[in-house]
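Asks: The numbers in the UniProt record's numbering rise by one with no breaks, and the one at position 32 of the sequence shown is 32.
Once you've had a glance at the structure underneath, I'll fire off some questions.
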Amino acid sequence: MIGIYGGTFDPIHFGHLRPALDILEGLGLEQVRLVPLNVAVHRPQPIAPAVARLTMLELAIQAQPGFVVDSRELDREGRSYSYDTLVSLRRDLGAERPLCLMIGADAYRGFLDWHRPLDILGLAHLVVMRRPGHEVVAGARLRHLYLERGSDSPAELASAPGGRILIQEVTQLEISSTRIRDLVARGLSPRYLLPDAVLKLITDESLYRSSATDA
Ligand code: ATP
Ligand code: MG
Numbered sequence: 001m002i003g004i005y006g007g008t009f010d011p012i013h014f015g016h017l018r019p020a021l022d023i024l025e026g027l028g029l030e031q032v033r034l035v036p037l038n039v040a041v042h043r044p045q046p047i048a049p050a051v052a053r054l055t056m057l058e059l060a061i062q063a064q065p066g067f068v069v070d071s072r073e074l075d076r077e078g079r080s081y082s083y084d085t086l087v088s089l090r091r092d093l094g095a096e097r098p099l100c101l102m103i104g105a106d107a108y109r110g111f112l113d114w115h116r117p118l119d120i121l122g123l124a125h126l127v128v129m130r131r132p133g134h135e136v137v138a139g140a141r142l143r144h145l146y147l148e149r150g151s152d153s154p155a156e157l158a159s160a161p162g163g164r165i166l167i168q169e170v171t172q173l174e175i176s177s178t179r180i181r182d183l184v185a186r187g188l189s190p191r192y193l194l195p196d197a198v199l200k201l202i203t204d205e206s207l208y209r210s211s212a213t214d215a
């Protein structure tokens, strides 16, 4: 099984990384592919340039077995639809291998508004990570289709290429990129919320200095 972890990663922080490792090891995944988005669909656009977000990801996962940065959304023109990303991954990885799209509880709440959500479920499982301050709530249609029978089990995920939903316990870290950007913009330190190597790049490149955001 392979995990696909999409996001803005503006910047990557421990609230992304520790849950990703929990899932890599907890589900026994072969790898977690971190996929930074290019052009956002349902949220404000990233503040840091794509190349900086990519470099921060690479610095963050250095020497962590199983973590891989996948730049296919940056390499593609235009808006970043997870559906397109999964079609492209299926092309590379074959039809049979179980793929797990990893999303936080806040993203799960809006999942039915994504482009072709039920087709996404045809291509991959959803692994929903609990996140502090966000209840795990799905849209009514999804709840009807999937959640009335409860969360699927890791073994059920391993036995099919996609179509299951697993609600997964992960380390609860109340960290967001928005908070990190706001700290930096106010001249305060975001240290201990993200890897030191990522913070160094933010400092060296003067990222987020004037970016009070409301993302
Ligand atoms: P922003 O504040 O800019 O929205 P973010 O911290 O929410 O940034 P994103 O890049 O938007 O990070 O999130 C990418 C994915 O990571 C989403 O599925 C999101 O739910 C998940 N995620 C982010 N932070 C956490 C966290 N602390 N715990 C669990 N999941 C998280
Ligand atoms: Mg977010």
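From the three backbone atoms N, C-alpha and C, an ideal C-beta is built for every residue, glycine too.
Bear in mind the structure is a predicted one, so any value in this text is a computation, not a measurement.
With 16 other CB atoms within 10 Å as the buried threshold, where does THR8 fall?
Replies: Within the sequence shown, the letter at position 8 stands for residue 8. Flag for THR8 reads buried.
Asks: Could you check if ARG181 is buried or exposed, using at least 16 other CB atoms within 10 Å of its CB as the buried criterion?
Replies: What you label residue 181 is simply residue 181 of the sequence shown in a count that begins at 1. Classification of ARG181: buried, given that the 10 Å Cβ count is 16 or more.
Asks: So which of GLN64, LEU24 and LEU123 has the shortest CA-CA distance to LEU93?
Replies: What you label residue 93 is simply residue 93 of the sequence shown in a count that begins at 1. Nearest option by C-alpha distance: LEU123.
Asks: Is PHE9 helix, strand or coil when you go by DSSP?
Replies: Looking up residue 9 in the sequence shown gives position 9. In this structure, PHE9 counts as coil in the three-state DSSP scheme.
Asks: Here's a check: name, in chain order, each residue in its chain whose Cβ is nearer than 7 Å to the Cβ of ILE13, leaving out the five neighbours to either side.
Replies: Indexing the sequence shown from 1 puts residue 13 at position 13. This sequence places His at residue 13; Ile is not what is there. Here the set comprises ILE175, SER177, ILE180, LEU193 and LEU194.
Asks: Can you list, in chain order, the residues of its chain with a C-beta nearer than 7 Å to that of SER82? Leave out the 5 residues immediately preceding and following it.
Replies: Along the sequence shown, one-based indexing puts residue 82 at 82. The residues are GLY6, LEU101, TRP114 and ILE120.
Asks: Leaving out five residues on either side along the sequence, give the residues of the same chain with a beta carbon under 8 Å from the beta carbon of TYR108.
Replies: As a first step, residue 108 is located in the sequence shown; it is residue number 108 there, counting from the start. The answer, listed in chain order, is LEU126, VAL128, VAL136, VAL137 and ALA138.
Asks: What's the gap between the Cα of LEU17 and the Cα of ARG186?
Replies: For the purposes of this step, residue 17 is taken as residue 17 along the sequence shown, with counting starting at 1. For the purposes of this step, residue 186 is taken as residue 186 along the sequence shown, with counting starting at 1. Roughly 25 Å separates the two Cα atoms.
Asks: Report, in whole angstroms, the separation of the C-beta atoms of LEU29 and MET1, which I expect to be a contact under 8 Å.
Replies: Sequence index remark: in the sequence shown, residue 29 carries index 29 (1-based). Sequence index remark: in the sequence shown, residue 1 carries index 1 (1-based). That belief holds up - the Cβ atoms of LEU29 and MET1 are roughly 5 Å apart, short of 8 Å.
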